[in-house]
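Report on the structure given below.
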Ligand SMILES: [Mg+2]
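Numbering (the working numbering), first residue to last: 1 to 305.
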């Protein structure tokens with residue numbers, strides 16, 4: 001059975017500008033075995049070329065730009081498909097600006113069809129301009145819903161979701177959020193993965209570290225999902241969610257051998273199952289609602305890439 005992988009980056013391949021141990025060998029095994037894969041990130045600030053250079057500097061050379069699918073590319077594809085003659089006023093950085101330019105979506109600071117909010121620094125002057133455009137009828141679109149993104153283990157930065165929330169509050173209009181977990185992101189990523197594979201894929205697996213984006217989006221798109229515990233999710237909190245990953249592993253290094261040999265392991269042999277009982281497997285916990293989860297004291301959800 002031909003399997004392809006959609007792979008989140010932060011918390012899966014690297015963390016705090018450091019490669020997760022075994023991640024380079026995992027990617028090498030994918031390349032050597034001819035297994036199709038695509039990196040899937042909600043960060044709309046970098047271009048695919050920027051991300052390829054970043055991986056190279058981290059110790060994973062030889063990955064080309066076509067192996068990345070960002071929320072910026074997803075947003076540009078969305079506009080190109082649904083409203084190709086539209087114009088946009090953009091709050092964002094190189095990734096979203098380049099993606100829109102490549103799709104021939106014109107910038108317009110006077111009467112744009114959309115205000116597009118991406119990741120990155122902005123100014124009160126630009127927010128005011130965006131606010132005025134929305135008041136004049138522009139629709140509000142965000143590249144991704146992340147309110148904040150990790151910078152280090154002790155530091156975060158505001159994400160596109162919080163910038164869009166500012167404009168939602170000031171204009172009273174709701175934004176439409178692309179990127180994970182939006183099904184359009186997964187639908188398009190799956191299509192791009194099939195193009196890379198050159199043959200029909202019978203099995204597509206999302207590997208990610210965040211329940212709210214990676215695992216939820218994969219579940220809703222009908223894909224298998226592997227949760228890694230090398231990023232934002234602790235094993236103990238998995239049972240707080242209605243949707244569950246297909247499989248839980250410590251890091252992507254746990255997959256290297258089976259990709260090399262072509263023999264999938266028994267999922268119950270995964271290191272994560274060395275613990276007594278996964279909270280999510282306790283009877284009665286697996287189908288709890290999000291509302292129930294909100295009653296439990298827990299840190300704010302990790303809406304990371
Ligand atoms: Mg992540």
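For each residue, glycine too, the CB sits at the ideal point set by N, CA and C.
Could you tell me the alpha carbon to alpha carbon distance between residue i and residue j, rounded to whole angstroms?
{"i": "residue 280", "j": "residue 21", "result": "Note that residue 280 has pLDDT 43, beneath the 50 cutoff, so the model's placement of it is unreliable and the number below is only indicative. Approximately 27 Å, taken between the alpha carbons."}
{"i": "residue 244", "j": "residue 219", "result": "8 Å"}
{"i": "residue 106", "j": "residue 47", "result": "18 Å"}
{"i": "residue 40", "j": "residue 130", "result": "28 Å"}
{"i": "residue 260", "j": "residue 42", "result": "29 Å"}
{"i": "residue 71", "j": "residue 257", "result": "31 Å"}
{"i": "residue 285", "j": "residue 228", "result": "Reliability of the predicted coordinates at residue 285 is poor, the pLDDT of 35 falling under 50, and the value obtained from them is presented with this limitation in mind. About 21 Å."}
{"i": "residue 104", "j": "residue 120", "result": "22 Å"}
{"i": "residue 33", "j": "residue 85", "result": "42 Å"}
{"i": "residue 241", "j": "residue 211", "result": "8 Å"}
{"i": "residue 50", "j": "residue 67", "result": "12 Å"}
{"i": "residue 6", "j": "residue 113", "result": "32 Å"}
{"i": "residue 109", "j": "residue 126", "result": "10 Å"}
{"i": "residue 76", "j": "residue 64", "result": "20 Å"}
{"i": "residue 207", "j": "residue 201", "result": "16 Å"}
{"i": "residue 123", "j": "residue 263", "result": "52 Å"}
{"i": "residue 176", "j": "residue 102", "result": "22 Å"}
{"i": "residue 28", "j": "residue 9", "result": "15 Å"}
{"i": "residue 154", "j": "residue 11", "result": "14 Å"}
{"i": "residue 53", "j": "residue 163", "result": "27 Å"}
{"i": "residue 128", "j": "residue 203", "result": "46 Å"}
{"i": "residue 23", "j": "residue 195", "result": "24 Å"}
{"i": "residue 62", "j": "residue 255", "result": "20 Å"}
{"i": "residue 88", "j": "residue 159", "result": "20 Å"}
Using 8 Å as the threshold, is the C-beta distance between residue i and residue j below it?
{"i": "residue 44", "j": "residue 118", "result": "yes"}
{"i": "residue 30", "j": "residue 59", "result": "no"}
{"i": "residue 205", "j": "residue 3", "result": "yes"}
{"i": "residue 178", "j": "residue 74", "result": "yes"}
{"i": "residue 143", "j": "residue 181", "result": "no"}
{"i": "residue 237", "j": "residue 209", "result": "no"}
{"i": "residue 192", "j": "residue 38", "result": "yes"}
{"i": "residue 139", "j": "residue 111", "result": "no"}
{"i": "residue 251", "j": "residue 230", "result": "yes"}
{"i": "residue 337", "j": "residue 92", "result": "Limits of the chain in this structure are 1 at one end and 305 at the other, which puts residue 337 out of reach."}
{"i": "residue 100", "j": "residue 134", "result": "no"}
{"i": "residue 78", "j": "residue 253", "result": "no"}
{"i": "residue 165", "j": "residue 69", "result": "no"}
{"i": "residue 248", "j": "residue 235", "result": "yes"}
Is any heavy atom in ligand 1 found nearer than 7 Å to the beta carbon of residue i?
{"i": "residue 151", "result": "no"}
{"i": "residue 82", "result": "no"}
{"i": "residue 161", "result": "no"}
{"i": "residue 92", "result": "no"}
{"i": "residue 70", "result": "no"}
{"i": "residue 210", "result": "yes"}
{"i": "residue 146", "result": "no"}
{"i": "residue 88", "result": "no"}
{"i": "residue 252", "result": "no"}
{"i": "residue 50", "result": "no"}
{"i": "residue 12", "result": "yes"}
{"i": "residue 231", "result": "yes"}
{"i": "residue 108", "result": "no"}
{"i": "residue 25", "result": "no"}
{"i": "residue 240", "result": "no"}
With a threshold of 7 Å on Cβ separation, who are the neighbours of residue i within its own chain once the five nearest residues in sequence on each side are excluded?
{"i": "residue 97", "result": "90"}
{"i": "residue 216", "result": "181, 243"}
{"i": "residue 157", "result": "148, 149, 151"}
{"i": "residue 184", "result": "74, 78, 178"}
Below 6 Å CB to CB, which residues in the same chain sit around residue i once its five sequence neighbours on both sides are set aside?
{"i": "residue 161", "result": "145, 146, 147"}
{"i": "residue 197", "result": "4, 36"}
{"i": "residue 283", "result": "Here residue 283 scores only 36 on pLDDT, less than 50, and its place in the model should not be relied on; the value that follows carries that caveat. Excluding positions up to five away in sequence, the list is empty."}
{"i": "residue 80", "result": "103"}
{"i": "residue 305", "result": "Bear in mind that the predicted position of residue 305 carries a pLDDT of just 48, short of 50, making it unreliable; the figure below should be weighed with that in mind. 10, 41, 42, 43."}
Who are the Cβ neighbours of residue i in its own chain at under 8 Å, not counting the five residues just before and after it?
{"i": "residue 274", "result": "The predicted position of residue 274 is uncertain, since its pLDDT is 49 and thus under 50; no value can be drawn from it."}
{"i": "residue 82", "result": "none"}
{"i": "residue 173", "result": "134, 139, 140, 167"}
{"i": "residue 187", "result": "221"}
{"i": "residue 199", "result": "2"}
Report yes or no: do three or more beta-carbon pairs, one from the stretch 214-225 and one from the stretch 14-30, lie closer than 8 Å?
-> no
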